[in-house]
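Trainee: Our numbering puts the last residue of the sequence shown at 416; the count rises by one with no breaks. I'd like to ask some things about the structure below.
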Amino acid sequence: MKIARFETEHFFARYEFNTPYQLCNSDCETMSIETLLELANVSITDFTQQTLGYTESQGSPELRQNIANTYQSCSPKNVLVLATPVEGIYLTARALLNPVDEVIVLSPAYDALINMFEHVVGIENVKKWNFHSSDDGWELRIEELTQLLSAKTKMIVVNFPHNPTGYVPSPQMQQKIIAIAEQNNVWLFSDEMYFGLTHEGTHKIPSMADLSPKAIVLSGLSKTYGLPGLRTGWLVVPNEQLMEEYINWKFYTSICSPGPSEFLATAALKVWDKLRQRSLTQINSNLQIADQFFHRWPDHFTWRRPLAGSTALVQFHVNSVNQITERLATEAGVLIQSAVTLGSDDQHMRIGFGRATFATSLGKFDSWLTDNPMIIDKKD
Ligand SMILES: Cc1ncc(COP(=O)(O)O)c(C=O)c1O
C-alpha cells in the first residue's frame, strides 16, 4: 500500500551531500568516535573489541539504565531501544492504531509525524492542530485541541521543542494537554527528539514521561546530543502490555539495534548532559548571529525567534522559497529549505542553527542577498 512522499527526507537526499553551506539542518554539531570516547572516558580498545553478534531486542540493560537516568522517574523496564529514532514513529502507528481511529497531529510537523498516522488510519481521520503566528513567535490554542477531539480520538501527537517552529509550551499549557489526554483516555505520543535544548530566557518543562501514564515518549541521540550517525533512538513506554506490543512490531522492522551503535550510545549517555550543554552553547551563539542577520534584512524576512530546539520557521517574503532554494544552491552553494516539505507554505523556510558552520553559511547567504537584493516579491 502506497504512502505519502517523505518530502523532507527526499529534499535532504537531493541536496545534503552536495551543497557545502547548509542552513536548514535540524541536528546539532557532531563529533568523531574518538572525541566521544574521550569525553565519556571509555577506551577505544574496549570499542574495537566489541563482538558483532545480535543484541537484545529491548536494548542492553546498561543502555536502558543510562537512558532511564535522563528522566526523573523512568525505569529501564519502560525503555525500548530503537534501531533508528524514526522507527519509533512507525512502531507507534502500528502498535496503537486501527483504521477506524482518529489521531490529532501538529501542523506543520516533521513529515512522519503526520504521514505515518495518515497511512494507518486514513487521511480523513488525522486532524490537524495548527500553529498560529503572532508578533512574538508561534502559538498553539488549547481550545482548538478540545474542538478536534471526538469519541474516536485514540492519540494526540505532540513534539516539543517543536520542529520547525522552536515552540515549547508553558508548564501550564503542558499540564492542560496532559489533562485533555487523561480525561479523554487518549494516548499522548510525545516526540522529544529536541529535549533539553531550552534557550536562554525560556522556561524549562519536564518530559511528558515524567508526568503522565498516558504518555509514550520518543527521543534519541540525533539532535540534542549531536550523534545522528549512531541512529540510536528510544521509546519510553508506560506499561508492560504495550511494551510487548511494541517489541512484537520491532521484530518485523529491525529485531535489535546494531551493536557498535549500542556501545557508543551507552558511552554517550554516560555524559548526556555534557553533550546537551555542548549543543546549547553552539545554538546560543548561532542564535545571536541569526538575530543580527535578520535585523539587517527586515524587508526580506519575518524572524520569529524560537523558544527552544535547533530549528526556526522564518517567513521569507518571496513568492516561492523552493525557487530561491534552487538558485541559491547552484549560485552560492547555500542550502535553505522551504517549509512546504513540513506541511507549511512556500513563503516560509526552516533554518537550523545547531551546526558549527552556521556563521560561515549565513555569511554566504548574506553575500548572495547583497548581490541579489531584489528577489523579494511581497511583504505582509
Ligand atoms: C521531530 C522529529 N522526530 C523524529 C525525527 C527522526 O530522527 P532520526 O532522523 O534521527 O531518525 C526527526 C528528524 O528530523 C524529527 O525532526
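Even glycine gets a Cβ: it sits at the ideal position worked out from N, Cα and C. Please read these numbers as outputs of a predicted model, since none were measured by experiment.
What is the DSSP secondary structure of Asp227, counted as helix, strand or coil?
Mentor: Position 191 of the sequence shown, counting from 1, holds the residue named residue 227. If DSSP states are grouped into helix, strand and coil, Asp227 belongs with the strands.
Trainee: Note the first and the last residue of the continuous alpha helix (DSSP H) segment covering Gln351.
Mentor: Indexing the sequence shown from 1 puts residue 351 at position 315. Careful: Gln351 lies outside any alpha helix (DSSP H), inside the beta strand (DSSP E) at 347-352.
Trainee: Note down, in chain order, each residue of its chain lying with its Cβ closer than 8 Å to the Cβ of Met209, except the 5 sequence neighbours on either side.
Mentor: Counting from 1 along the sequence shown, the entry for residue 209 is found at position 173. Within the same chain, Met209 has close Cβ partners Leu176, Ile178.
Trainee: Can you tell me whether Asn275 is buried or exposed? The criterion is at least 16 other CB atoms within 10 Å of its CB, across all chains shown.
Mentor: The count along the sequence shown starts at 1 and reaches residue 275 at position 239. Asn275 should be labelled exposed.
Trainee: Val157 lies in the beta strand (DSSP E); which residues open and close that run?
Mentor: Looking up residue 157 in the sequence shown gives position 121. Per DSSP, Val157 belongs to no beta strand (DSSP E); it is in the alpha helix (DSSP H), 148-157.
Trainee: Measuring alpha carbon to alpha carbon, tell me which residue in Ala119, Ala104, Thr120, Pro121 is nearest Lys113.
Mentor: Counting from one through the sequence shown, the residue named residue 113 turns up at place 77. Of the listed residues, the one whose Cα sits closest to Lys113 is Ala104.
Trainee: Counting pairs of beta carbons, one from the region 363-373 and one from the region 282-297, are three or more of them closer than 8 Å?
Mentor: As far as the Cβ criterion goes, the region 363-373 does not touch the region 282-297, which means the pair count is below three.
Trainee: Our contact map puts Ala245 next to Val272 with C-beta atoms below 8 Å; I'd like the distance itself, whole angstroms only.
Mentor: Counted from its first residue, the sequence shown places residue 245 at position 209. Counted from its first residue, the sequence shown places residue 272 at position 236. The pair is a contact, with the Cβ atoms about 4 Å apart (cut-off 8 Å).
Trainee: Specify the secondary structure class of Ser374 as computed by DSSP and reduced to three states.
Mentor: Looking up residue 374 in the sequence shown gives position 338. DSSP places Ser374 in strand when its eight states are reduced to three.
Trainee: Would you mind working out which of Ala348, Asn221, Asn320 sits nearest Ala392, comparing C-alpha positions?
Mentor: Locating residue 392 in the sequence shown gives position 356, counting from the first residue. Comparing Cα positions, the closest option is Asn320.
Trainee: Buried or exposed for Gln94, going by 16 or more other Cβ atoms inside 10 Å?
Mentor: Residue 94 sits at position 58 when you count from the first residue of the sequence shown. Buried.
Trainee: Starting from the C-beta of Ile216, find all residues in its chain whose C-beta is less than 8 Å away, skip the five residues before and the five after it, and write them out in chain order.
Mentor: Indexing the sequence shown from 1 puts residue 216 at position 180. Closer than 8 Å at Cβ, skipping near neighbours: Ile178, Leu181, Thr182, Leu185, Ile192, Val222.
Trainee: Taking the continuous beta strand (DSSP E) assigned at Ile412, which residues delimit it?
Mentor: The residue given as residue 412 occupies position 376 in the sequence shown. Looking at the DSSP string, Ile412 is not in any beta strand (DSSP E), and its letter there is neither H nor E.
Trainee: At the level of alpha carbons, what is the spacing between Ile213 and Asp309?
Mentor: Taking the sequence shown and counting its residues from 1, one reaches residue 213 at position 177. Taking the sequence shown and counting its residues from 1, one reaches residue 309 at position 273. Near 27 Å, if we compare the C-alpha coordinates of Asp309 and Ile213.
Trainee: Among Gly256, Gln313, Ala49, which residue has its Cα nearest to the Cα of Leu30?
Mentor: Here the chain comprises residues numbered 37 to 416, so residue 30 is not present and cannot be evaluated.
Trainee: Looking at Tyr146: is its Cβ nearer than 8 Å to the Cβ of Asn199?
Mentor: Here residue 146 refers to the residue found at position 110 when the sequence shown is read from its first residue. Here residue 199 refers to the residue found at position 163 when the sequence shown is read from its first residue. Yes, they are a contact pair.
Trainee: Counting Cβ pairs, one atom from each stretch, are 3 or more of them under 8 Å apart for the region 330-349 and the region 224-237?
Mentor: Contact holds: three or more Cβ-Cβ distances are below 8 Å.
Trainee: What is the rounded straight-line gap between the Cα of Glu92 and the Cα of Ser293?
Mentor: Here the question's residue 92 lines up with position 56 in the sequence shown. Here the question's residue 293 lines up with position 257 in the sequence shown. Each residue's Cα considered, the two are about 8 Å apart.
Trainee: CA-CA distance, Ser397 and Phe352?
Mentor: Looking up residue 397 in the sequence shown gives position 361. Looking up residue 352 in the sequence shown gives position 316. Those two C-alpha atoms are separated by around 17 Å.
Trainee: Output yes or no for whether 8 Å exceeds the beta carbon distance between Asn151 and Phe42.
Mentor: Here residue 151 refers to the residue found at position 115 when the sequence shown is read from its first residue. Here residue 42 refers to the residue found at position 6 when the sequence shown is read from its first residue. Closer than 8 Å, so yes.
Trainee: Check whether the Cβ atoms of Asp350 and Ser374 lie closer than 8 Å to each other.
Mentor: For the purposes of this step, residue 350 is identified with residue 314 of the sequence shown, where counting begins at 1. For the purposes of this step, residue 374 is identified with residue 338 of the sequence shown, where counting begins at 1. Note that residue 350 is Val in the sequence shown, not Asp. Against a cut-off of 8 Å, the Cβ pair of Ser374 and Val350 comes out as no contact.
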